[in-house]
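A quick write-up on the structure given underneath.
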Amino acid sequence: MAGPVDPLPAPAHRPGALGGAWGPVYRAWRRLGRRIGDVLPKGLYARSLIIIIAPVVLLQSVIAYTFMERHWQLVTRRLSASVTADIAALIDIYETYPQDRNAETITRIAGERLNLDLDILKDAKLPTPGPRPFFSILDEALSDEIKRQIKRPYWIDTVGRSNLIEIRVAIPDGVMRIVARRSQAYASNSHIFLLWMIGSSLVLLGVAILFLRNQIKPILRLSAVAEGFGKGREIEFKPRGAREVRQAGHAFIEMKRRIERAMEQRTTMLNGVSHDLRTIITRFKLSLELVEQTPEVEDLRRDVDEMSRMLEGYLAFARGDLAETAGVTDMRVMLEDLRSDVERLGAHVDAVELEGSPLVTVRPDAMRRCLFNLAANAARYGEAVAISGKREHRSFLVCIDDDGPGIPVESREEVFKPFVRLDDARQDAGGSGLGLAIARDIARAHGGEVTLHDGPLGGLRAQVRIPA
3 MAGPVDPLPA PAHRPGALGG AWGPVYRAWR RLGRRIGDVL PKGLYARSLI
53 IIIAPVVLLQ SVIAYTFMER HWQLVTRRLS ASVTADIAAL IDIYETYPQD
103 RNAETITRIA GERLNLDLDI LKDAKLPTPG PRPFFSILDE ALSDEIKRQI
153 KRPYWIDTVG RSNLIEIRVA IPDGVMRIVA RRSQAYASNS HIFLLWMIGS
203 SLVLLGVAIL FLRNQIKPIL RLSAVAEGFG KGREIEFKPR GAREVRQAGH
253 AFIEMKRRIE RAMEQRTTML NGVSHDLRTI ITRFKLSLEL VEQTPEVEDL
303 RRDVDEMSRM LEGYLAFARG DLAETAGVTD MRVMLEDLRS DVERLGAHVD
353 AVELEGSPLV TVRPDAMRRC LFNLAANAAR YGEAVAISGK REHRSFLVCI
403 DDDGPGIPVE SREEVFKPFV RLDDARQDAG GSGLGLAIAR DIARAHGGEV
453 TLHDGPLGGL RAQVRIPA
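Structural data, given as structure tokens:
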């Protein structure tokens with residue numbers, strides 16, 4: 003007969019689901035980690051320096067502190083014991099040979115042989131003990147030696163004068179006062195510790211900066227080239243640096259070539275398709291010109307024209323104007339031209355408002371088309387249009403406002419999709435449903451974005467933000 007079956011072991015808890023006593027500890031550790039992460043630098047260069055320098059400096063600090071601290075304690079105790087032994091000998095001499103009534107001989111011996119300033123204070127008493135200095139090796143060592151060797155009431159001052167220490171010991175007829183140099187009882191070589199730490203840290207920091215700068219520079223260059231390529235700019239790049247960095251650079255170059263080949267093949271194919279379709283549309287137009295002009299023929303001609311405009315819109319959207327080279331463009335001139343175009347469409351436009359430098363690196367034809375699509379929408383659905391530009395810290399902002407009916411908030415992202423037609427949505431003048439899609443596609447090809455907001459004129463604001 004089978005015995006009782008042991009229960010299956012409980013599944014291990016995930017670290018984030020720890021309960022009991024370890025739960026608060028784990029959460030506190032996570033919070034501490036997040037706070038440290040917020041304080042630490044975000045750049046690779048600074049983090050690499052910290053990774054290299056912090057462990058070495060920490061280890062060096064611990065070793066140096068331990069060694070120097072024990073050295074200070076040992077030397078200070080031996081020096082304090084030597085000074086205390088000299089004082090004890092002076093007390094024994096003074097009490098053993100009372101014929102030296104004025105203590106002139108013992109004072110001379112203390113000064114010439116022991117380098118101590120001795121004075122006998124007749125019928126005096128010890129001063130009131132003052133507060134003991136915090137963490138003073140000299141005070142602790144000297145007090146222990148006086149208690150061990152002299153075994154009499156005493157009073158010491160190790161902080162009153164920085165380079166001297168004063169010791170007073172009770173004797174039968176008064177107080178013996180001794181003043182000694184601080185260096186006689188204390189190993190005052192803390193500057194060695196500081197110089198060691200500062201000097202070694204500076205040397206290590208200099209070497210780390212020298213080598214890391216050359217290692218980080220190729221990574222920063224690769225990042226800048228990738229960002230420039232994403233904005234449609236052509237930048238020369240040659241992989242440098244460590245083997246892994248060069249491998250990443252070569253992979254980026256190969257990816258860039260594949261993307262350019264794909265765009266070139268797509269453009270060639272679209273040009274071929276465009277040529278074939280335009281040929282057929284041209285045949286339609288010629289055939290319509292040769293037949294009798296009736297209302298039905300006029301309707302067909304309008305349909306062919308509409309088909310031609312839609313074809314151009316589709317090809318422009320698919321092509322994306324990516325073959326154009328980016329260059330420095332004066333946005334003031336572009337916005338003034340845009341103002342003239344909008345006025346020809348029948349809308350009223352006030353003077354263009356511009357803040358900051360108007361020079362921006364863009365593909366001018368593509369950017370002009372992006373802004374015209376947005377402005378044409380504004381002119382189609384509003385009577386008044388406002389155009390403004392503003393140079394910000396790292397971007398250039400163009401705002402196109404109108405007094406039209408606007409677009410509901412929940413539909414503002416939907417209208418950017420190709421071929422989407424909303425009842426009250428704004429679309430390009432050609433009616434293909436691609437105007438806003440083309441505008442956003444061009445802005446994103448520049449590394450920017452197009453967004454829709456409520457405008458100050460009561461209608462819609464189309465906002466284009468591109469990197470400056």
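The opening residue of the sequence shown carries number 3 in my numbering; numbering runs sequentially from there.
Beta carbons: idealized from backbone N, C-alpha and C, even for Gly.
No experiment lies behind these values; they were computed from the predicted model shown.
| Asked | Found |
| --- | --- |
| Test item: CB-CB of L361 and V387 under 8 Å | no |
| R396 versus H73: straight-line alpha-carbon distance, rounded | 57 Å |
| Touch test, the region 123-132 against the region 61-70, Cβ-Cβ under 8 Å, three pairs minimum | no |
| Boundaries (first-last residue) of the beta strand (DSSP E) holding Q465 | 462-469 |
| Under the three-state DSSP convention, the category A160 falls into | A small correction: the amino acid at residue 160 is Thr; Ala does not occupy that position in the sequence shown. Correct three-state label for T160: strand. |
| Three-state secondary structure (DSSP) of K44 | coil |
| Residue of D88, Q465, T78 minimising C-alpha distance to H455 | Q465 |
| CB of I111 within 8 Å of CB of Y96, strictly | no |
| Nearest to E357 (by Cα), restricted to the options H448, C401, I167 | C401 |
| Unbroken stretches of the beta strand (DSSP E), 3 residues or longer, contained in the region 363-412 | 386-393, 397-404 |
| Whole-Å CB distance - H448 paired with V364, under 8 Å assumed | 6 Å |
| CB contact flag (A187, I55, <8 Å) | no |
| Within 8 Å, strictly: CB atoms of V181 and I93 | no |
| Local conformation of R242 per DSSP, three classes | coil |
| 7 Å Cβ shell around R79 - same chain, five flanking residues per side excluded | A143 |
| Beta-ladder partner(s) of V351, from DSSP | V387 |
| Simplified DSSP state of H277, which is helix, strand or coil | helix |
| Alpha-carbon to alpha-carbon, R215 and R37 | 28 Å |
| The region 141-156 in contact with the region 41-50 per 3-pair CB rule at 8 Å | no |
| Straight-line gap, G35 to P43 (C-alpha atoms, nearest Å) | 14 Å |
| Helix, strand or coil at K124 [DSSP, three-state] | strand |
| Helix, strand or coil at T130 according to DSSP, with G and I counted as helix | coil |
| Euclidean distance between Cα positions of S145 and L206 | 42 Å |
| Per-residue DSSP class, three states only, for H252 | helix |
| Beta-carbon proximity check, I139 vs T86, cutoff 8 Å | no |
| DSSP-derived helix/strand/coil call for H73 | helix |
| Exposed unless 16 or more other CB atoms sit within 10 angstroms - verdict on D352 | exposed |
| Helix, strand or coil at L436 [DSSP, three-state] | coil |
| Buried or exposed by the 16-neighbour rule on C-beta atoms within 10 Å, applied to V452 | buried |
| Helix, strand or coil at D175 [DSSP, three-state] | coil |
| C-alpha distance - K419 paired with G243, whole-angstrom precision | 43 Å |
| Length of the line joining the Cα atoms of E474 and M369 | This structure leaves residue 474 out entirely; the chain is present only between 3 and 470. |
| Collapsed DSSP secondary structure at L20 in the structure displayed | Confidence in L20 is poor, its pLDDT being 46 and thus under 50, which makes the residue's placement unreliable; the coordinate value appears in the next sentence. Residue state, collapsed to three classes: coil. |
| Reduced DSSP category for R414 - H, G, I as helix; E, B as strand; rest coil | coil |
| Inter-residue Cα distance where the pair is E416 and Q217 | 46 Å |
| Close beta carbons around N375, own chain, < 8 Å, minus the five adjacent residues each side | D430, G437, L438, I440, A441 |
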